[in-house]
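Trainee:
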Amino acid sequence: MTIDIELSLFVNLVLNSFILFLTGYFFKEKPKLWFLSSLIGATIALVMPGLYLPLYAKILAQVFLSLVMVSLSFDVKPLKKFVYRYITFLAMTFLFGGGCYALSSTLGSLPLVAVVGTSVVIFCAFKAVIFYRNRQKIIENFSFKVKIKAKDKEIEEEGFLDSGNLLYDPVTKKPVVLINFDIFSKLYENIDYLNALLKKIDLSELENAHYIKLSTVASGTQILVFSVGSLELVGQGLKKSFSHAMLGLSFSGFEKAFGKKILLHGELL
């Protein structure tokens, strides 16, 4: 009997910790006093079934317990943010409870170890979802519509403002906007991928074209840079145009990481 109580306390402690950390992860915060908060919640969860309270009293007790746990782990002020964290905490609680209930409905009564295992899976899965959501939000906030004009060509594409792009052209002293070959081929259809990769391009076909050494972004030791007639940025309440902007052809595959084929330089903003 003692072992069952200790195991139940441990399982509830783990579940409460997962819920608190997921709530904090959602808002990019680390919960304070999370162990104490989780321990209080786990202890009350063990005591509650033996109190024989009416249903409404149990619900009120759970609401009050949740408020105490969230208050211990997150700042109460400002109130609006606290309410968001409290609602998220409740949603996470239902998420874990629903996951365990669904599994027990399918497989029957679950041992406590299986409950922990299920919770670990839910924790990892939801953390991955939150990470993807936060990443997409960042990409959306730093995305701009880009219009590039080069000779008789004009293309429009979305670009990402990358703080890691600190590349400058030492010849013109201008910031370099990185593009992948897909964008480059739309501007210069007569230049194939292999020649561009092997640096066998006739530079006279491009305006102010030359190679520069790299220290950070893009693969290889050198990168082809060249100027275009104009580059226009639109988005996030801004609209800017740059004449004779410098572009750099990158084969690093950055589009896989950012989901964009153009990496903008921070100086453009």
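Letter 48 of the sequence shown, counting from 1, is numbered 29 in the numbering used here, and no numbers are missing.
Glycine included, every Cβ here is placed at the ideal spot set by N, Cα and C.
Residues in the same chain with beta-carbon distance under 8 Å from residue 202, minus the five sequence neighbours each way, listed in chain order, please.
Mentor: Walking along the sequence shown from the start, residue 202 turns up at place 221. Hits under 8 Å: 194 and 195.
Trainee: Looking at residue 230: is its Cβ nearer than 8 Å to the Cβ of residue 141?
Mentor: Within the sequence shown, numbered from 1, the residue matching residue 230 stands at position 249. Within the sequence shown, numbered from 1, the residue matching residue 141 stands at position 160. No; because the gap between Cβ atoms is not below 8 Å, this pair is not in contact.
Trainee: Please classify residue 248 as buried or exposed, where buried requires at least 16 neighbouring CB atoms within 10 angstroms.
Mentor: As a position in the sequence shown, residue 248 is number 267, starting the count at 1. By the neighbour-count rule (16 or more Cβ atoms within 10 Å), residue 248 is not buried but exposed.
Trainee: Given that a residue counts as buried once 16 or more other Cβ atoms are within 10 Å of its Cβ, and exposed if not, what is residue 143?
Mentor: Counted from its first residue, the sequence shown places residue 143 at position 162. Buried is the call here.
Trainee: Tell me the residue span of the beta strand (DSSP E) that contains residue 186.
Mentor: Within the sequence shown, the letter at position 205 stands for residue 186. Premise fails: residue 186 is in no beta strand (DSSP E) and is neither H nor E.
Trainee: In chain order, what residues of the same chain have a beta carbon less than 6 Å from the beta carbon of residue 160, not counting five sequence neighbours either side?
Mentor: Along the sequence shown, one-based indexing puts residue 160 at 179. So the list reads 228 and 243, once near-sequence residues are dropped.
Trainee: I need the DSSP call for residue 170, collapsed to helix, strand or coil.
Mentor: Residue numbering aside, residue 170 sits at position 189 when the sequence shown is read from its first letter. Three-state result, residue 170: coil.
Trainee: Can you give me the C-alpha to C-alpha distance between residue 136 and residue 215, rounded to a whole angstrom?
Mentor: Residue numbering aside, residue 136 sits at position 155 when the sequence shown is read from its first letter. Residue numbering aside, residue 215 sits at position 234 when the sequence shown is read from its first letter. One C-alpha to the other measures close to 14 Å.
Trainee: To the nearest angstrom, how far is the alpha carbon of residue 167 from that of residue 9?
Mentor: Reading the sequence shown from its first residue, position 186 is the one you call residue 167. Reading the sequence shown from its first residue, position 28 is the one you call residue 9. Rounded to whole angstroms, residue 167 to residue 9 spans 40 Å at the Cα level.
Trainee: Report the partner residues of residue 157 according to the DSSP bridge assignment.
Mentor: The residue labelled residue 157 in the question sits at position 176 within the sequence shown. Bridge partners of residue 157: 227.
Trainee: Please state the DSSP three-state secondary structure of residue 33.
Mentor: The residue you call residue 33 lines up with position 52 of the sequence shown. Coil at residue 33, not helix or strand.
Trainee: In whole angstroms, what is the alpha-carbon distance linking residue 34 and residue 44?
Mentor: Taking the sequence shown and counting its residues from 1, one reaches residue 34 at position 53. Taking the sequence shown and counting its residues from 1, one reaches residue 44 at position 63. Cα to Cα, residue 34 sits roughly 14 Å from residue 44.
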